[in-house]
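What follows is a set of notes on a single structure, which appears directly below.
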Amino acid sequence: PGAIEALVEAGVESIEHGTYMDRESIDLMAAHDVAVTLTRSTIESIKELDRAPDYYREHAQQALDSQAEQLGYADERGVLAMGTDTGAVGQKHGDNADELVHMVANGIDPLDAIEISTRDTADLLGLGDTLVVSVPGRR
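Residue 54 in the working numbering sits at position 72 of the sequence shown, with consecutive numbering throughout.
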């Protein structure tokens, strides 16, 4: 199996980046209640680096295209969570909201992006019943 499948079978709770996930790996994540955080902002930053070699920027674009291709299906299957690579190239503390911008720019409904980034991510962290989030139905 691929890396994602091996990690899901090993019992992880989340996959970070999900760069080359496909429908089979998304279905497996959904079946095992595993979330994926896409960290698109970091990949966007790498793509924009002037000092990065062309092949590196091309690889970053391929990764973004791959994620974008599967994003809607991952949303349908309920496996998305919000994550960040704060501290990585081009990523400063406080810029994690850029991930919501990327979700919406790639077809996720704005309210869904907010729910993914609050309720769903709180649930992933085991804090869904203790954090205050601005989503109907939550305490």
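C-beta atoms are modelled at their ideal positions from N, C-alpha and C, and glycine is treated no differently.
Leaving aside the five residues before and after residue i along the sequence, list all residues of the same chain whose C-beta is less than 6 Å from its C-beta, in chain order.
i, result
"Gly17", "Residue identity differs from the one stated: residue 17 is Ala in this sequence, not Gly. For Ala17, where only same-chain residues beyond five positions count, the Cβ hits under 6 Å are Ser(-4), Val61, Ala63 and Leu106."
"Arg39", "Lys29"
"Pro92", "Val86"
"His84", "Arg22"
"Gly110", "Ala104"
With a CB to CB cut of under 7 Å and the five nearest residues on each side skipped, what residues in its chain are close to residue i?
i, result
"Gln73", "Ser23, Thr24, Ser27, Thr66 and Asp67"
"Gly(-16)", "Ser7"
Going by other Cβ atoms of all chains shown within 10 Å of its Cβ, with 16 needed for buried, is residue i buried or exposed?
i, result
"Glu6", "exposed"
"Glu97", "buried"
"Asp102", "buried"
"His75", "exposed"
"Ala128", "This structure gives no information on residue 128, because the portion of the chain shown stretches from -17 to 121."
"Ala42", "buried"
Hey, how far is the Cα of residue i from the Cα of residue j?
i, j, result
"Gly108", "Ala(-8)", "19 Å"
"Glu58", "Ala13", "13 Å"
"Met3", "Asp47", "11 Å"
"Ala104", "Ala50", "24 Å"
"Asp15", "Tyr37", "35 Å"
"Ala70", "Pro35", "18 Å"
Would the beta-carbon of residue i fall within 7 Å of that of residue j?
i, j, result
"Met11", "Val(-6)", "no"
"Glu(-13)", "Thr19", "no"
"Glu88", "Leu53", "Correcting the residue identity first, residue 88 is Asn in this sequence and not Glu. In contact: Asn88 and Leu53 (Cβ atoms closer than 7 Å)."
"Leu82", "Ala95", "yes"
"Tyr55", "Ile8", "yes"
"Ala152", "Thr1", "Outside the displayed span of the chain (-17 to 121) sits residue 152, for which this structure offers no information."
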